[in-house]
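*Asks:* Got a structure here, written out as structure tokens. Questions coming.
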Amino acid sequence: MSGIVLRVAQVVGVLVLAGIAISIVVGFVQSLLGLALIVSIPLGAWWLYRQVKARDARPAVAGRPAGRRAELESRAVIDAAGRCGWCGSASLHKDDFGFPVTPLAYHRAEIDAML
Ligand SMILES: [Zn+2]
Numbered sequence: 087m088s089g090i091v092l093r094v095a096q097v098v099g100v101l102v103l104a105g106i107a108i109s110i111v112v113g114f115v116q117s118l119l120g121l122a123l124i125v126s127i128p129l130g131a132w133w134l135y136r137q138v139k140a141r142d143a144r145p146a147v148a149g150r151p152a153g154r155r156a157e158l159e160s161r162a163v164i165d166a167a168g169r170c171g172w173c174g175s176a177s178l179h180k181d182d183f184g185f186p187v188t189p190l191a192y193h194r195a196e197i198d199a200m201l
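Counting in our numbering, the sequence shown runs without a single skipped number right up to 201 at its last residue.
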């Protein structure tokens, strides 16, 4: 009879210990989740703020100079008549070594000076 009581006590003890262990783990996970939530809210807000700010800032910073440059560069091309669209020269532009270069490369310094 005492053997059964001991066995029951043992089972109850194991169950109680297991219950305590589970509650500790659950409590730990819950506090970890709570902590992650608390940390993720300001982090998420900050991330969202960065995304919105980056989207707003990019066109404002790069928009106008890039448009002006593209407009000038589009003029420094060989036109349909085979002339340089920038200076109207009918002959191919050549670099210091006599190699033909594109009008864009040849007039690069002038284009940059006008920006
Ligand atoms: Zn030219």
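The beta-carbon is built from N, C-alpha and C at its ideal position, and this holds for glycine as well.
(1) Considering only their Cβ atoms, is the gap separating isoleucine 164 from glycine 171 smaller than 9 Å?
(2) Hey, would you say the C-beta of glycine 174 is under 8 Å away from at least one heavy atom of ligand 1?
(3) So is the beta-carbon of proline 189 under 8 Å away from any non-hydrogen atom of ligand 1?
(4) Where aspartate 181 and arginine 141 are concerned, what is the direct C-alpha to C-alpha distance, given to the nearest angstrom?
(5) Are there 16 or more other CB atoms within 10 angstroms of the CB of alanine 190, so buried, or fewer, so exposed?
(6) Can you give me the start and stop residues for the alpha helix (DSSP H) that aspartate 198 sits inside?
(7) Which whole-angstrom value is the C-beta distance of proline 186 and histidine 179, which I expect to be below 8 Å?
*Replies:* Quick look at the numbers:
(1) Their beta carbons are under 9 Å apart, which means glycine 171 touches isoleucine 164 by this criterion.
(2) Annotation for glycine 174 indicates a beta carbon within 8 Å of some heavy atom of ligand 1.
(3) Checking the 8 Å criterion, the Cβ of proline 189 is within range of a heavy atom belonging to ligand 1.
(4) Looking at the two C-alpha atoms, the distance is approximately 41 Å.
(5) According to the sequence displayed, residue 190 carries leucine and not alanine. Classification for leucine 190: buried.
(6) For aspartate 198, the enclosing alpha helix (DSSP H) has its first and last residue at 194-200.
(7) Between histidine 179 and proline 186 the Cβ distance is about 7 Å, and since that is below 8 Å, they are a contact.
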